Amino acid sequence: MQDPWLRTIRPLAACALQGIGFLGDDLIALDSIRGYLLRINPATDNTTILNTLQVENFIGAAGLALLQDTLWVARDNSVFFCQFGAFSLQHFFTVPYPITGVGVWESTIYVASQRAGYIYIFEQASRREITRLPLPGVGSANLVVREEELWVCDRTEQTVYCLDRATGEQKFSVLTPFESPTGLAFHRHPTTGSEILYVSYAKDEAFIRDNPNNLDNPYEVSFRDRTVVHPLQFHYNPKTHCALSNGYLIEMSYAEELLPLEEVNLKQLEWRIALPTETDRQKVRSIEPIGRPYTEEIQDGQRVAVFQFETLKPNERHLFGWKALLEVRAIKYQFTFDDVDKVPPLSPEFKAMYLVDDDELAMDMPLIVEAAREAIGTETNILRKMLKIRNFVYDRLSYALTPRIEPPDIVLARGVGSCGEYVGLLLALARLNGIACRTVGRYKCPPQAEYRLVPLEPDYNHVWIEFYIPGYGWLPMESNPDDTGEGGPYPTRFFMGLPWYHAEIAKGIPFETLMSQGKPVDTVSIGELAINHVRFTVLDELPPPN
Numbered sequence: 100m101q102d103p104w105l106r107t108i109r110p111l112a113a114c115a116l117q118g119i120g121f122l123g124d125d126l127i128a129l130d131s132i133r134g135y136l137l138r139i140n141p142a143t144d145n146t147t148i149l150n151t152l153q154v155e156n157f158i159g160a161a162g163l164a165l166l167q168d169t170l171w172v173a174r175d176n177s178v179f180f181c182q183f184g185a186f187s188l189q190h191f192f193t194v195p196y197p198i199t200g201v202g203v204w205e206s207t208i209y210v211a212s213q214r215a216g217y218i219y220i221f222e223q224a225s226r227r228e229i230t231r232l233p234l235p236g237v238g239s240a241n242l243v244v245r246e247e248e249l250w251v252c253d254r255t256e257q258t259v260y261c262l263d264r265a266t267g268e269q270k271f272s273v274l275t276p277f278e279s280p281t282g283l284a285f286h287r288h289p290t291t292g293s294e295i296l297y298v299s300y301a302k303d304e305a306f307i308r309d310n311p312n313n314l315d316n317p318y319e320v321s322f323r324d325r326t327v328v329h330p331l332q333f334h335y336n337p338k339t340h341c342a343l344s345n346g347y348l349i350e351m352s353y354a355e356e357l358l359p360l361e362e363v364n365l366k367q368l369e370w371r372i373a374l375p376t377e378t379d380r381q382k383v384r385s386i387e388p389i390g391r392p393y394t395e396e397i398q399d400g401q402r403v404a405v406f407q408f409e410t411l412k413p414n415e416r417h418l419f420g421w422k423a424l425l426e427v428r429a430i431k432y433q434f435t436f437d438d439v440d441k442v443p444p445l446s447p448e449f450k451a452m453y454l455v456d457d458d459e460l461a462m463d464m465p466l467i468v469e470a471a472r473e474a475i476g477t478e479t480n481i482l483r484k485m486l487k488i489r490n491f492v493y494d495r496l497s498y499a500l501t502p503r504i505e506p507p508d509i510v511l512a513r514g515v516g517s518c519g520e521y522v523g524l525l526l527a528l529a530r531l532n533g534i535a536c537r538t539v540g541r542y543k544c545p546p547q548a549e550y551r552l553v554p555l556e557p558d559y560n561h562v563w564i565e566f567y568i569p570g571y572g573w574l575p576m577e578s579n580p581d582d583t584g585e586g587g588p589y590p591t592r593f594f595m596g597l598p599w600y601h602a603e604i605a606k607g608i609p610f611e612t613l614m615s616q617g618k619p620v621d622t623v624s625i626g627e628l629a630i631n632h633v634r635f636t637v638l639d640e641l642p643p644p645n
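All you need for this note's numbering is the position in the sequence shown, starting with 1, plus 99.
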C-alpha cells in the first residue's frame, strides 16, 4: 500500500495553486484564480475553503508563508499579512516590481521578484530591507526557508534550487518531475520523522470538448486548469557533482513491422537496433526480444541488438524488436565555471573520434567556420563556451519539423530546424571549438507520469547531445526544448541535465543500420522497408534515490 504522505495530492475545486504551507498536518494552499485559501487533507484530498467571505482579496495573489498564527501572501508589488482565520489582509511593504514568492523565517521576510531578478530580505519589525540575493533562474519563482537554507522553485526552469540563506550561494539544484512548479513547503512525516519537500504545480492542458451548441463541429480543442502537489524526492552527491530526483519504472518497446513500399530481395541481412544504455540516471532491469531472437554486440561501448535474415524476399512480413524495463530519473550535474576552469587536454583518441566531421556537419564551410568563431568570442572556459554555443544556436534558429535533415550550413542560413538539425549545428560549432560532442537519442516517454499502466506513444523520435569535460566525463545537453522567447534569457534546466522521461539509447552511434552480405544497404532506406512501433508504459514511481 502506498504511503499516504508520499502520494500525489489533487485538491478538489482548485485551479492553480501559487503557494503552499503546512499548519499541523493540514496542507494550506493558495488558489490564485479562485482566490481560495484551502485546507487540504494530504491523505484524502478532502478540501475546505477557509476564506469563504474574503476570496476577492486573494484573487491574483502569489506566494504563501505561515509563521505561527500569521499568514503572508503577495499581490502585485506588495506583501500582505493577516491573522490566520481572520484573513483580513494588512499591507506590509511594496517593492518596485511584481512579487512571485514569499518566505518567512523567525523575524525575517524573504520576497522573490522575477522582474527585479532578486530575492529581497526584510526585517519584520522595522520593515527595513537588509539585503538582496540574486534569483538563480529566469522564470517566476516561489520560495520557502528551512533553517540555514533558502529553497526556490522556478516555474520556467522546472527546477528547485537549494541556496545558502545568508549568502545566496547555490548548494545544488534538482529537476522536478512535472512542469511549472509554483510553490513548495517542508513537512515532517508523522511516522518516520523524515522531512518531505512538497511542491505544487499549476498548468493548463488541452482536451477535446464536446460542445452541444456547435452541431456542425461539436468536438473542439479547449483548455482546462490542472494543479497538483507532489513530494519531491532528491539526492545530491557533491563528490560526483550529481543530483538525482524523482524517477519512474517504465516499460519501453521498440519494434519494426516489415512492410516494404516496393519489392526487395536482400541476402544475409543484418538489421541492427541499438539497446538502452546504463547511465547515472538510467538503469536497465531487463531486455527481451520481440517477435524474433537477436544476438548482441558492443559498438563503441554501446549495446546493439542484431537481427539476422538469410534472405529478405518480396512480400515477406516480420515483426521484430525489443522490450526493456527501465528505471529512469531526472538528473542535474552541478559543475560550476570554476570547477572546470583548468581541465586536462583532450586525449588524441577523443580528438580522432569526437572532433571530426563524421556526419555531414559542414565543418569546412565558411559560414560554419565563422559561426564557430563568433559563437564563443574570446571565451576559454569549456562550460562557458558550451553555454555560449547553445545560446548562439537558440538565437539564430526557430524550431520546426522538417521533412529531412539538412547540413548545418543550410540550416543556419534558413534559420529554422528540427531537433536533429539543431544537433548538427551544435555538434559542428562545438567540435570546431575543440569540445568533444556526440549525439544521443532516441525517444522521450510522453511526460505523463500520472497515467500509470496506460500505453503511451510518442509523437516523434528525438535526439540531443552530450559534451565531454576531460577529467570528469560526459554531460547531457538538450538540443532545442528551451529555445523559447526572442533572444533569451534561455532556461538552463536541461544544460547538464535531463528530465526523467528521456530514454538514453545509442550514444555516439547510429540508432539503426542495415548490412547485406557484409556491406551497408544503400539501395533502400529503413523507412521504405518498415514501420516502427514505439510504446512506453509508466509502471510505478521509484523509491527515493540514494
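Just so you know, even glycine gets a beta-carbon here, dropped at the ideal spot from N, CA and C. Keep in mind that this is a model prediction, so the values were computed, not measured.
Buried versus exposed, by CB contacts within 10 Å (16 or more), residue i
i, result
"A160", "buried"
"P447", "exposed"
"V203", "buried"
"G626", "exposed"
"Q257", "buried"
"L500", "exposed"
"L574", "buried"
"L552", "exposed"
"H288", "exposed"
"R416", "exposed"
"P506", "buried"
"V251", "buried"
Top-ranked residue by Cα proximity to residue i, from the options
i, options, result
"P546", "L358, R380, T275", "T275"
"D399", "A373, Q167, Q332", "A373"
"V243", "Y196, V172, C181", "V172"
"E564", "T394, A535, G587", "Looking at the sequence provided, one finds Ile at residue 564 rather than Glu. The shortest C-alpha separation from I564 is found at A535."
"A354", "E603, R634, L524, T255", "R634"
"N645", "L597, L232, P337", "P337"
"L126", "W104, W599, E603", "W104"
"S299", "Q189, D508, P110, G514", "P110"
"G586", "Q433, L496, G390, T143", "L496"
"M576", "S177, Y521, A301, Q153", "Y521"
"G216", "E205, A404, G236", "G236"
"L368", "M614, T143, P557", "M614"
"D639", "S578, R428, R226", "R428"
"A512", "L524, G184, P502, G519", "L524"
Between the CA atoms of residue j and residue i - distance to the nearest angstrom
i, j, result
"F593", "D175", "30 Å"
"F610", "G238", "35 Å"
"L166", "F180", "10 Å"
"E395", "Y559", "26 Å"
"L296", "A240", "16 Å"
"F436", "D102", "41 Å"
"S352", "I630", "14 Å"
"Y589", "D582", "7 Å"
"S517", "A305", "23 Å"
"A224", "T207", "9 Å"
"I139", "I119", "10 Å"
"D53", "R537", "As displayed, the chain neither begins before 100 nor continues past 645, which places residue 53 out of reach and without an answer."
"I467", "H334", "41 Å"
"L360", "L628", "6 Å"
"W599", "P233", "28 Å"
"E228", "Q269", "22 Å"
"P443", "F434", "16 Å"
"A474", "L528", "8 Å"
"N313", "T326", "29 Å"
"R308", "F322", "9 Å"
"K618", "V405", "15 Å"
"I218", "P197", "12 Å"
"K382", "Q407", "27 Å"
Inter-residue CB distance, residue i and residue j (contact presumed, cutoff 8 Å)
i, j, result
"I481", "V328", "About 39 Å; that fails the 8 Å criterion."
"L116", "T281", "6 Å"
"S272", "A342", "7 Å"
"G346", "E278", "In fact, because the Cβ distance is near 16 Å, the residues do not count as touching under 8 Å."
"L137", "T151", "Their Cβ separation, rounded to whole angstroms, is 11 Å, which puts L137 and T151 out of contact at 8 Å."
"L454", "E356", "Actually they do not touch by this definition, with Cβ atoms about 39 Å apart."
"L262", "L283", "Actually they are not in contact, since the Cβ atoms of L262 and L283 sit about 13 Å apart, beyond 8 Å."
"P141", "Q332", "So it is not a contact: roughly 16 Å between Cβ atoms."
"S177", "T193", "4 Å"
Beta strand (DSSP E) segments (min. 3 residues) lying fully within the region 257-335: Entirely contained in the region 257-335, the beta strand (DSSP E) runs reaching 3 residues are, in chain order, 258-263, 269-274, 280-287, 294-309, 318-331.
Contiguous beta strand (DSSP E) assignments of at least 3 residues, all confined to the region 174-243: 177-182, 189-193, 200-204, 207-212, 217-222, 227-233
In chain order, each alpha helix (DSSP H) run of at least 4 residues that lies wholly inside the region 558-588: none
Whole beta strand (DSSP E) elements within the region 406-465, 3-residue minimum: 418-432
Every unbroken alpha helix (DSSP H) within the region 472-545, with a cutoff of 4 residues, ordered by chain: Taken in chain order, the whole alpha helix (DSSP H) runs of length 4 or more contained in the region 472-545 are 481-495, 507-513, 518-531.
Whole beta strand (DSSP E) elements within the region 355-391, 3-residue minimum: 365-373, 381-389
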